[in-house]
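Residue numbers (this note's numbering): 9 to 303.
Everything on this sheet refers to the single structure shown next.
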Amino acid sequence: MGGVLVIGSYNRDTVLRLARFPAPGETLTALGMAEFHGGKGSNQAVAAARAGGRVGMIAAIGADAAGQAARALWAAEGIDAQAVQIASAPTGAATILLDAAGENQIIIIPGANAKLALRSSFKPPADIAVALAQLETPQAATAALFRALPVVRRILNVAPAAPILPELLAATDMLVLNETEAAILAQREAEPADLALALAAETMRDVIVTAGAIGAFWARPDGEVIDAAPPCVTVVDSTGAGDAFLGAFAAFSAEGFTPEKTLRLAVTAGALACTQRGAVPSLPYRAAILALPGH
Ligand code: RIB
C-alpha cells in the first residue's frame, strides 16, 4: 500500500463558543474558549493517519511552543515529520467562532505557513500513492513540491477558496472543495453536482464537491458523476469535517479502494467529525469509519 504525503499548514486554533455570530460592530460575550491543534494540512494528515494511512507531512512551523506542540502531535499520531521546516515566523494561528448550531467562522494568521518552500535539500519520499495539499500555504511552493513528487494522484483541496495558479493546476490531478468554495470558484450558485461538473469541464480535472449533510459529488471531465450520502449525525461542531473527508479520502484511495467505496468512507469520516468539538479531537479512527452500516 502506498503512502500519503500532506503538504500544508499547521495552526494553533483558539475556539470561541458563542450563542450566535456577532453582527458587524456588535460586541458579544463568549460562552467558552478552548485551544486545539488545527490547520487544514495538519488536520488532514491526522485524519489520514487515523484512517489507517502511512502519512508524511511537509509544513512550516515557528521555533516556538506552538511549533513544538505540532511536532508532539505528529509524533503521537505516527506521522513522519522529518521534512517539516522551521521558519523565521511564529507558528500559524486561527481564531474560530463557533455558534450554537455547530457552524463556524474562521480567521487565519498564516505566520510560518506563508514561508513553506521547496528546499534544495528536499528528497521525495519513496512509495507515495497520494499527495494532498490545500491553499493555506503558498501555491507556488505547493506546485513545485507536487512536480517534485513521483506520486500516483495529486489532490488539491481548494480551501480557503482562491483562484488557482495555472502552474499549480497543471501539477494537480484532482480538486476537492466544499459547495461554498465551489460557488466562489465557479462564480455562480448552483447545485453541488452541477458545480462539480462545471468545474471538472473547465479545469479538465476530476472534481469532488462536498455538501455537508447532502453528501459529496465526484465529477469527471467526461461528465460522469458518482455520489455518496453521509450517515445522519447530530452536529456539535463542523470544524474539521472537510479535513476528515480529505484525510480519509487520501488514505482509502492510497489503499486502493474503489472510487465509490472511497467516497462513501470519506463522507462517513466527515460526518463523524461533526459529532465532537475541536478539529483534531473529532477526527475519526478507521474502526469507527468502517463500523457504520454499508461499509
Ligand atoms: O479546516 C479547519 C481548519 O481551518 C482549522 O483547524 C483552522 O486552523 C483552519 O485552518
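We put the beta carbon where it would ideally sit given N, CA and C, even for glycine.
When DSSP reads this structure, Ala139 sits in a beta bridge with Leu13, Arg162.
Between Gln147 and the set Ala194, Ala179, Ala134, the nearest pair of CA atoms involves Ala179. Annotated three-state conformation of Gly75 is helix, per DSSP. The alpha helix (DSSP H) runs lying completely inside the stretch 18-64 and spanning 4 residues or more are 48-58, given in chain order. Of Gly16, Thr37, Ala31, Glu197, the smallest CA-CA separation from Leu24 is found for Thr37. Going by C-alpha positions, Thr211 is about 10 Å away from Leu205. Residue side-chain check: Ser17 places its Cβ nearer than 8 Å to a non-hydrogen atom of ligand 1.
Using a 10 angstroms sphere on the CB of Lys48, the tally of other CB atoms reaches 16 or more, which defines it as buried.
Under the Cβ criterion (8 Å, minimum of three pairs), the stretch 79-92 does not count as touching the stretch 269-285. Here Thr247 is near Asp21, since their CB atoms are less than 9 Å apart.
Approximately 28 Å separates the beta-carbon atoms of Ala262 and Ala122; this is outside 8 Å, ruling out the contact. Per the C-alpha coordinates, the member of Val166, Ala56, Ile117, Pro174 positioned closest to Val288 is Ala56. For the pair Val217 and Pro200, the CB atoms are nearer than the 9 Å cut-off.
Pairing Ala259 with Pro238 gives a Cβ-Cβ distance that is not under 9 Å. Burial is judged here by how many other beta carbons sit within 10 angstroms of a residue's own beta carbon; Gln76 has fewer than 16 and is exposed.
For Ala102, the enclosing beta strand (DSSP E) starts and ends at 100-106. No residue range can be given for Gly119, since it is assigned to no beta strand (DSSP E) and is classified by DSSP as neither H nor E.
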